[in-house]
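Accompanying notes for the structure given below.
Numbering (full-length UniProt numbering), first residue to last: 1 to 516.
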């Protein structure tokens, strides 16, 4: 409040310090009166005129000092405006700091939401893994049941081979036609029984194969669902990582801004204190200078009055002595005014130096802010490069996963085609077996019947060998399916720790962010 009222006080003091018009002009009139009272002394009149000119010069110097005082007051008002600008800048920095803190609170809340969503996705992934383990256990039990059925089929085939061996021995030992016909009937009956048993076994194998294909389809659907869930979780994790990275960069940028704002606020406070101290010292010096000027003016007024009285008293006695005394007093006053002027010039130079210091400090602060902004832009550029590198790695990983998925699809299609070919071969085998049975019923002569029976026995043995080969092929297909299921399980087990490892850095970054 004092600094705002100083200009009016200075103007009042200046008007008070200046001599009134009624005091300065009478002195000049008295001098002119003295000059008129002493017309006979031409040299003394010239001296008085010179004294009057010096008095006019002193008045002009006083007027100049008043102008300089007004200039200093204008400089003071300008410094006050600069201080007000600094105060407004400080308030603006305070508001920006509050906005940054509010934005930081919002980012903290958003990070908490992201962590809760990540926990939910992790729990869903664990549930899917438990479901996958249950399906794998069921699949293992079904595989064991199929192995048991295959063993039973092997035993039945061995029994049939032994029966065929007995039939062939009986055919070789019998020579008569009638027992041969009876034996042929028995053989045909047993062959029919064998064919029916073989058909039942083939139907059982087909049924097992269809069940196996149905289970494979179910497993494929479950695996696709699992892969879709993993892909969705990977996308969610990627988005969370990008969000956390961007929030981390934003928070670090805001922290740099807050640090810069705090540093600028401290520097502004220091500059304001320095300017206030300098302003106070300048005001004190101006007060002392004004007091000196007032005392000098009062002394001058008294001396002028005394000089006027002395001149009026001594004008008749000795005009030369009066002139000398006036000259001495004027020389003393001129010396005093010169000292005051030098004092004033020194103070103005000091004030100008202070202003230059303030300007240099402000330019230094601007340079510091520019350097901080360059550093911030560099940090943002580095973060952007890291983010692009992470995206590139993610895209390459996605391409690898796509290629792996395509390769797996090709393997599945090849396996399906192979199983279809096996089914077609089995159908052709059944058709040929039925045709063989029809042909075995046609021959009428005993020799032709025996030959047909032997051919049929050979054909049956051949078909049994083919059935054994098919069983071995089915067994190999089953082992391959088990290996593929085991590979997929291992791959899922490998992917699950990667997801947990990816989640851990994000959670640690979030904790570091919250602690910061």
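Where is the CB? At the ideal position from N, CA and C, for every residue including glycine.
Please read these numbers as outputs of a predicted model, since none were measured by experiment.
Under the 10 Å beta carbon count, residue 284 is surrounded by fewer than 16 other beta carbons and is classified as exposed. Using a 10 angstroms sphere on the CB of residue 293, the tally of other CB atoms reaches 16 or more, which defines it as buried. Contact check between the region 88-95 and the region 214-228: fewer than three CB pairs, one atom from each, fall below 8 Å, which does not count as touching. Secondary structure in the region 74-103: no alpha helix (DSSP H) run of 4 residues or longer lies completely within the stretch. The Cβ atoms of residue 232 and residue 379 do not sit closer than 8 Å to each other. Distance from residue 153 to residue 201 at the Cβ level is roughly 6 Å; contact confirmed, criterion being Cβ atoms closer than 8 Å. With a contact defined as Cβ atoms closer than 8 Å, residue 268 and residue 358 miss out at about 12 Å. In this structure the region 390-397 does not touch the region 252-267; the number of beta carbon pairs closer than 8 Å is below three. Separation of residue 148 and residue 131 (C-alpha to C-alpha, rounded to the nearest whole angstrom) is 26 Å. Distance from the CA of residue 302 to the CA of residue 330, rounded to the nearest whole angstrom, comes to 14 Å. Of all C-beta pairs linking the region 255-267 to the region 122-130, fewer than three are shorter than 8 Å, placing the two stretches out of contact. Straight across, the Cα-Cα distance linking residue 103 with residue 391 is about 27 Å.
In summary, residue 240 is buried, with 16 or more beta-carbon neighbours lying within 10 Å of its beta-carbon over all protein chains present. Below 8 Å, too few C-beta pairs join the region 365-375 and the region 78-90 to call them touching: fewer than three. Inclusion of residue 344 and residue 67 in the CB contact set at 8 Å is not warranted, their separation being larger than that value.
Here residue 300 is buried. Its C-beta has 16 or more other C-beta atoms within 10 Å. With a beta-carbon spacing of about 13 Å, residue 278 and residue 72 fall beyond the 8 Å limit used to define contacts.
For the pair residue 58 and residue 327, the CB atoms are not nearer than the 8 Å cut-off. By the Cβ neighbour-count rule, residue 207 is exposed, with fewer than 16 other Cβ atoms within 10 Å of its own. Inclusion of residue 282 and residue 351 in the CB contact set at 8 Å is warranted, their separation being smaller than that value.
Just so you know, the alpha carbons of residue 462 and residue 469 end up roughly 11 Å apart.
8 Å or more divides the Cβ of residue 146 from the Cβ of residue 163. Going by C-alpha positions, residue 264 is about 30 Å away from residue 111. Rounded to the nearest whole angstrom, the CA to CA distance from residue 246 to residue 413 is 43 Å. Shortest Cα-Cα distance from residue 108 to any of 230, 244, 187 and 81 involves 244. Per the coordinates, the alpha-carbon of residue 101 lies some 21 Å from the alpha-carbon of residue 115. Counting every other CB atom within 10 Å of its CB across the protein chains shown gives residue 384 a total below 16, marking it as exposed.
Leaving aside the five residues that flank residue 337 on each side, the residues in its chain whose CB is nearer than 6 Å to its CB run, in chain order, 61. Of the residues 361, 304 and 405, the one whose Cα lies closest to the Cα of residue 54 is 304. One thing to note: residue 222 has its Cβ no nearer than 8 Å to the Cβ of residue 156. For residue 465, the closest C-alpha among the options 382, 160 and 135 is that of 160. Here the alpha carbons of residue 82 and residue 360 stand approximately 14 Å from one another. Residues of the same chain with a CB within less than 8 Å of the CB of residue 79, apart from the 5 flanking positions on each side, are 275, 279 and 355 in chain order.
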